[in-house]
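Colleague: Our numbering numbers the first residue of the sequence shown as 1 and each following residue consecutively. Got a structure here, written out as structure tokens. Questions coming.
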Amino acid sequence: MSVEKKFVAEGITKALVNEYLADELERAGYGGMQMNRTPMGTQITVYAEKPGMVIGKGGKLIRKITRDLDRRFHLDNPQIDVQDVGRGDLNGRVVANRLASSLERGWYFRKAGQSMMRRVMDAGALGCEIVISGKLTGPRSRTEKFIAGYIKHSGKPAIDLVDRGYSVAVKKLGVIGCQVRIIPPDVRLPDDFQIEAPQAPPAPEPAPSAAPAPVPAPTPAPAEEKKSELDQLLESEPEAAEVKPEPLEEPSMPAENATEIAPLPEEKAESEPVLKDE
């Protein structure tokens with residue numbers, strides 16, 4: 001067998017095993033499986049919402065599943081490990097099975113889709129997309145889509161980060177397909193980044209040989225001039241009024257020795273000689 005045919009055969013076997021486990025463990029809340037080949041045989045890890053129902057009473061159901069995997073699919077020494085799926089509202093396969101079961105019980109498709117999407121978003125998912133296609137309300141089939149949050153549709157993040165689930169609801173008018181895509185809350189998308197503010201470069205350290213510059217001493221503030229007690233007393237007393245000096249009176253001369261003082265002659269009499277009394 002060529003390498004290409006070998007990989008195709010392994011993929012077909014894995015899809016058939018997944019379909020078989022989904023039918024057998026529907027009531028246990030089947031949430032997917034992983035199949036790996038080891039030197040000891042084929043290791044199958046089953047995720048379920050109720051691990052106790054997968055094991056069964058006394059391990060009866062898990063032994064039956066192991067025999068069927070060996071006989072029907074010819075797996076080499078299959079070994080089944082059962083693990084809890086965790087929060088079922090964040091598992092695409094579990095939500096798809098719940099949605100299909102609600103439609104089979106007679107729920108209106110819009111009510112069922114909105115209810116499941118609200119439960120997924122309340123559980124903390126970053127985004128959820130639910131697609132319901134088939135004969136919903138009339139003779140013709142159509143597709144209804146419910147989207148909330150952020151969903152990746154292409155590229156490697158859409159393959160690695162998005163959890164998918166698919167289930168089928170069988171009704172009288174026909175089958176209805178339920179497809180669920182969920183982005184878990186603990187996933188970091190490649191376009192989710194933050195730009196940090198640039199940091200200032202550190203200040204250069206001073207050379208060890210250089211002595212620190214002397215710090216100038218602070219100049220003291222000029223002290224206020226202290227006044228003596230005498231100056232303070234003088235300033236406190238009111239200014240004395242200025243005393244004007246009294247005019248001095250000329251002493252009176254006796255009448256005997258008094259002589260009449262002739263008036264000064266006018267300018268015309270300047271040339272005349274002055275006569276003296278003998």
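We treat Cβ as the ideally placed atom computed from N, Cα and C, and that holds for glycine. What you are looking at is a predicted structure, and each value in this text was computed from that prediction instead of being measured.
Alpha helix (DSSP H) containing Val3: first to last residue?
Modeller: Here residue 3 refers to the residue found at position 3 when the sequence shown is read from its first residue. Run containing Val3: Val3 to Glu24, per the alpha helix (DSSP H) assignment.
Colleague: By a C-beta neighbour count over all protein chains shown, 10 Å radius and 16 as the cutoff for buried, is Leu16 buried or exposed?
Modeller: Counting from 1 along the sequence shown, the entry for residue 16 is found at position 16. Exposed: under 16 other Cβ atoms inside 10 Å.
Colleague: Using the C-alpha atoms, what's the distance from Glu196 back to Gly165?
Modeller: By one-based count along the sequence shown, residue 165 stands at place 165. By one-based count along the sequence shown, residue 196 stands at place 196. Each residue's alpha carbon lies about 38 Å from the other.
Colleague: Could you compute how far the alpha carbon of Pro39 sits from the alpha carbon of Pro78?
Modeller: Your numbering for residue 39 matches position 39 in the sequence shown. Your numbering for residue 78 matches position 78 in the sequence shown. Near 12 Å, if we compare the C-alpha coordinates of Pro78 and Pro39.
Colleague: Can you round the beta-carbon distance between Glu104 and Ile65 to whole angstroms, since I take them to be within the 8 Å contact cut?
Modeller: Counted from its first residue, the sequence shown places residue 104 at position 104. Counted from its first residue, the sequence shown places residue 65 at position 65. The Cβ separation is near 24 Å, so there is no contact.
Colleague: Between the beta-carbon of Val54 and the beta-carbon of Ile62, is there less than 8 Å?
Modeller: Mapped onto the sequence shown, residue 54 falls at position 54. Mapped onto the sequence shown, residue 62 falls at position 62. Yes; because the gap between Cβ atoms is below 8 Å, this pair is in contact.
Colleague: Shortest alpha-carbon distance to Gly27 belongs to which of Ile151, Glu235, Ala100 and Trp107?
Modeller: Counted from its first residue, the sequence shown places residue 27 at position 27. Contrary to the premise, residue 27 reads as Arg rather than Gly in this sequence. Closest option to Arg27, Cα to Cα, is Ala100.
Colleague: Return the first residue and the last residue of the alpha helix (DSSP H) that Glu104 is part of.
Modeller: The residue given as residue 104 occupies position 104 in the sequence shown. Unbroken alpha helix (DSSP H) run through Glu104: Gly92 to Glu104.
Colleague: Comparing C-alpha positions only, which one of Val82, Arg98 and Asp81 sits nearest to Asp89?
Modeller: Locating residue 89 in the sequence shown gives position 89, counting from the first residue. Checked all of Val82, Arg98 and Asp81; the closest Cα to Asp89 is Arg98.
Colleague: State the DSSP-derived secondary structure class of Thr137, mapped to helix, strand or coil.
Modeller: As a working mapping, residue 137 is identified with position 137 in the sequence shown. DSSP places Thr137 in coil when its eight states are reduced to three.
Colleague: In the DSSP assignment, find the unbroken alpha helix (DSSP H) run with Asp160 in it and report its ends.
Modeller: Position 160 of the sequence shown, counted from the first residue, corresponds to residue 160. Its alpha helix (DSSP H) spans residues Lys156 to Asp160.
Colleague: Nearest to Val170 by CA position, among Lys111, Pro139 and Ser102, is which residue?
Modeller: Taking the first residue of the sequence shown as position 1, residue 170 is located at position 170. Among Lys111, Pro139 and Ser102, the Cα nearest to that of Val170 is on Ser102.
Colleague: For a quick check, are the C-beta atoms of Ala96 and Gln179 less than 8 Å apart?
Modeller: In the sequence shown, counting from the first residue as 1, residue 96 sits at position 96. In the sequence shown, counting from the first residue as 1, residue 179 sits at position 179. Cβ distance < 8 Å, so Ala96 and Gln179 count as in contact.
Colleague: Thinking Gly32 and Tyr47 are a contact (beta carbons under 8 Å), I'd like their distance in whole angstroms, please.
Modeller: Here residue 32 refers to the residue found at position 32 of the sequence shown. Here residue 47 refers to the residue found at position 47 of the sequence shown. Correct: roughly 5 Å between the Cβ atoms.
Colleague: Quick check on the burial criterion: 16 or more other C-beta atoms within 10 angstroms. Buried or exposed for Ala29?
Modeller: The residue labelled residue 29 in the question sits at position 29 within the sequence shown. In the sequence under discussion, the amino acid at residue 29 is Gly, which differs from the Ala named in the question. Buried: at least 16 other Cβ atoms inside 10 Å.
Colleague: To the nearest angstrom, how far is it from the Cα of Glu10 to the Cα of Leu173?
Modeller: Residue 10 sits at position 10 when you count from the first residue of the sequence shown. Residue 173 sits at position 173 when you count from the first residue of the sequence shown. Answer to the nearest angstrom: the Cα atoms are 36 Å apart.
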